[in-house]
Each structure stands twice: as C-alpha cells, then as structure tokens.
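Counting in our numbering, the final residue of the sequence shown is number 232, and the numbers go up one at a time with none missing.
Quick reminder that beta carbons are idealized off the backbone N, C-alpha and C, glycines included.
A short worksheet on the structure shown next.
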Amino acid sequence: MDLSKSTLRVRDFGDAIPYNWCQALMRDYTNSRHSDSSDEIWLVQHAPVYTLGQAADPAHILAPTDTEVAQSDRGGQVTYHGPGQLVMYLLLDIRRHGLNIKQLVCGIEQAIIQRLKQSGVEGIRREGAPGVYVDGKKIAALGLRVRKGCSYHGLSLNVDMDLSPFSHINPCGYAGLEVTQLKDLGIDEGIDEVAKGLLYCLQQSLGYNNIVKARKVYDIKELQVIHVS
Numbered sequence: 004m005d006l007s008k009s010t011l012r013v014r015d016f017g018d019a020i021p022y023n024w025c026q027a028l029m030r031d032y033t034n035s036r037h038s039d040s041s042d043e044i045w046l047v048q049h050a051p052v053y054t055l056g057q058a059a060d061p062a063h064i065l066a067p068t069d070t071e072v073a074q075s076d077r078g079g080q081v082t083y084h085g086p087g088q089l090v091m092y093l094l095l096d097i098r099r100h101g102l103n104i105k106q107l108v109c110g111i112e113q114a115i116i117q118r119l120k121q122s123g124v125e126g127i128r129r130e131g132a133p134g135v136y137v138d139g140k141k142i143a144a145l146g147l148r149v150r151k152g153c154s155y156h157g158l159s160l161n162v163d164m165d166l167s168p169f170s171h172i173n174p175c176g177y178a179g180l181e182v183t184q185l186k187d188l189g190i191d192e193g194i195d196e197v198a199k200g201l202l203y204c205l206q207q208s209l210g211y212n213n214i215v216k217a218r219k220v221y222d223i224k225e226l227q228v229i230h231v232s
C-alpha cells in the first residue's frame, strides 16, 4: 500500500514562528515535491503579523502599525496571526488525492464546523466568503495557494488570543467584520486539544486513512533542515 496517498503526516512547529520563514519553507517543500512526497499538515502559532494575500489592498490596514506586515502568496485579503491562534498549513497533493480546490475549501470548512460542534458551538460557512462564522462573527479564516496540483497555506482558528489587532484592519477585506474566538464563547480548551480534534475532523472530511506524527527540526536563521523523521 502506498502510504503517501492515504496518510497525513503532522508536524508541530510550536509557537512564535516567523511568518516569512514559514512561508519560504512551504514554498520550498511544495516546489521540491515528487509523486511519493507525503501530504502534510503543519501546526504553527505565529509571532504577531498582518499578512496580505496576493490580491490584497494595503488600504485594508487602516492605520500605521508597529506589527510586522508580510506579503503572502496565498489567496485572499488581509488577516492577522498571533499567539493563541491555531494555524494549520495543508501541504497536500490534491490532484493525487482526487480533490479540486472547491472540494478542498469545502472540506476544510466542514472539518472546522464539525470541530466546533464537538465543543458545543454552531459554526456556519458563507457563500463567497471562505471561512467559518459564529453568530455573524468570523472565528476561522482560510487562505490557500495551489501550485502544480499541490496546496499550501491553509487555515487559522481563533482559540485564546488578543483579538484587538483585528480592529486595525478590515478582516479578509470586509469593513466592520467582527471576529470571535473559542475563549469568548465560553470554551476553555487549549491549542493542543483543539488541534487534536481538528486534525481528526480534517482526516475524515478530506478522506485520509491515517494520521502520523513526525518531527522536523530546523535552523530558522539558516532555513535549513537539520533532521527529518
């Protein structure tokens, strides 16, 4: 059995990860993929950063800020990442797995909705506005890029974070869009617990048979892989 076609390999990068470093690593992994490369999900908490998608209007950052602003090659507009927010990067060979981009987006949204349901929260999707919403407020954002049939970038889910930086932008390009998080909905769950449940929901939603945990140690300054397992 070709496990590369049925298994999700998960790597936990920890917290305070620089955005541009991680983006460069995603590009490198995607560009160097071959037919037997594993499909991977990377778990990350970023150091505070605003990111602008390929088509983003910088005017959606409403005022000068001391927070880093990074240009991203994902789809979408502007968003914020910071500690207490779960980011999952989905590096998947969607062509090999028989998915198109619409199916991938729907699968991710459905997995988030299912994970929220496990915590007693009702999330919904909005046509034409990717992500997941609770009572009209956005709790999860999506931003993807597909290159040669392989996806990278992914999703962010607000767990227990400082939401005030969102007030300085038009989140996802929508003026006045409010955001929320699990903590404010009365859900007292840590990042690791939320991630574990969401990984299972993604496995089911996207049709993978197995999840395996892997380790990869990097020298951030040199952007060099030191150890892979």
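- Message: Taking 8 angstroms as the cut-off, does the stretch 47-66 touch the stretch 79-96 (at least 3 CB pairs, one atom from each stretch)?
- Response: Judged by Cβ distances under 8 angstroms, the stretch 79-96 makes contact with the stretch 47-66, as three or more pairs qualify.
- What residues in its chain sit with their C-beta under 8 angstroms from that of proline 51, if we drop five residues either side in the sequence? Result list for proline 51: Thr70, Glu71, Tyr83, His84, Gly85, Pro86 and Pro168, in chain order.
- With C-beta atoms as the reference, is cysteine 25 less than 9 angstroms away from isoleucine 97? The answer is no: Cβ separation not under 9 angstroms.
- Since leucine 89 and isoleucine 172 are thought to touch, with beta carbons under 8 angstroms apart, how far apart are those beta carbons, to the nearest angstrom? Going by Cβ atoms, the distance from leucine 89 to isoleucine 172 rounds to 19 angstroms, so no, they are not a contact pair.
- Under 9 angstroms between the Cβ atoms of glutamate 112 and leucine 145? Yes, the pair counts as a contact, with Cβ atoms nearer than the cut-off.
- Task: Name the residue from Lys141, Leu119 and Gly134 whose alpha carbon lies nearest to the alpha carbon of leucine 147.
- Result: The option with the nearest alpha carbon to leucine 147 is Gly134.
- Alpha carbon to alpha carbon, how far is arginine 128 from isoleucine 104? Taking the straight line joining both Cα atoms gives about 16 angstroms.
- Task: Spatial neighbours of valine 149 within its chain, please: CB distance less than 6 angstroms, with the 5 preceding and 5 following residues excluded, ordered by chain position.
- Result: The answer, listed in chain order, is Ile104.
- Message: Once DSSP output is grouped into helix, strand and coil, what is the label at leucine 166?
- Response: Here leucine 166 sits in coil by DSSP.
- CB isoleucine 214 to CB valine 182, shorter than 9 angstroms? Cβ distance not < 9 angstroms, so isoleucine 214 and valine 182 don't count as in contact.
- Message: Contact defined as beta carbons within less than 8 angstroms: I believe serine 9 pairs with tyrosine 211. What is the distance between those atoms, to the nearest angstrom?
- Response: 6 angstroms between Cβ atoms; contact.
- Closest residue to glycine 200 among Lys186, Ile116, Gly56 and Phe16 (Cα-Cα distance): When only C-alpha atoms are compared, the closest one is Ile116.
- Indicate the three-state DSSP secondary structure (helix, strand or coil) for glycine 134 in the structure shown. DSSP places glycine 134 in strand when its eight states are reduced to three.
- Query: Looking at the structure shown, is alanine 217 part of a helix, part of a strand, or coil, going by DSSP?
  - Reply: In this structure, alanine 217 counts as strand in the three-state DSSP scheme.
- Measure the C-alpha to C-alpha separation of glutamate 125 and glutamate 43 and round it to an integer number of angstroms. Distance between the alpha carbons of glutamate 125 and glutamate 43 is about 28 angstroms.
- Message: Taking the beta strand (DSSP E) that valine 47 belongs to, which residues open and close that run?
- Response: Unbroken beta strand (DSSP E) run through valine 47: 42-47.
- Query: Excluding the five sequence neighbours on either side, which residues of its own chain have a C-beta within less than 6 angstroms of the C-beta of serine 36, listed in chain order?
  - Reply: The sequence shown places arginine at residue 36, rather than the serine named in the question. Apart from sequence neighbours up to five positions away, the residues of its chain that approach arginine 36 with a beta-carbon distance below 6 angstroms are Cys153, ordered along the chain.
- Query: Among all the DSSP beta bridges, which residues are the ones paired with alanine 144?
  - Reply: Paired residues: Ser159.
- Query: If you run the structure through DSSP and keep just helix, strand and coil, what is alanine 58?
  - Reply: Three-state result, alanine 58: coil.
- Would the beta-carbon of alanine 249 fall within 9 angstroms of that of threonine 54? Nothing can be reported for residue 249, as the shown portion of the chain is limited to 4 through 232.
- Considering only the beta carbon of each residue, do tyrosine 92 and tyrosine 136 sit closer than 9 angstroms? Not a contact, by the Cβ cut-off of 9 angstroms.
- Query: Does the separation of the CB atoms of lysine 216 and arginine 77 fall below 9 angstroms?
  - Reply: Between lysine 216 and arginine 77, the C-beta spacing is not below 9 angstroms.
- Query: Just checking my contact of leucine 94 with threonine 33 at CB under 8 angstroms: how many whole Å lie between their CB atoms?
  - Reply: Contact check for leucine 94 and threonine 33: beta-carbon distance about 6 angstroms, within the 8 angstroms limit, so the pair qualifies.
- Message: Following a CB-centred definition, is glutamate 196 positioned closer than 8 angstroms to any heavy atom of the ligand GTP?
- Response: Annotation note on the ligand GTP: not contained in the displayed structure, which lists no ligands.
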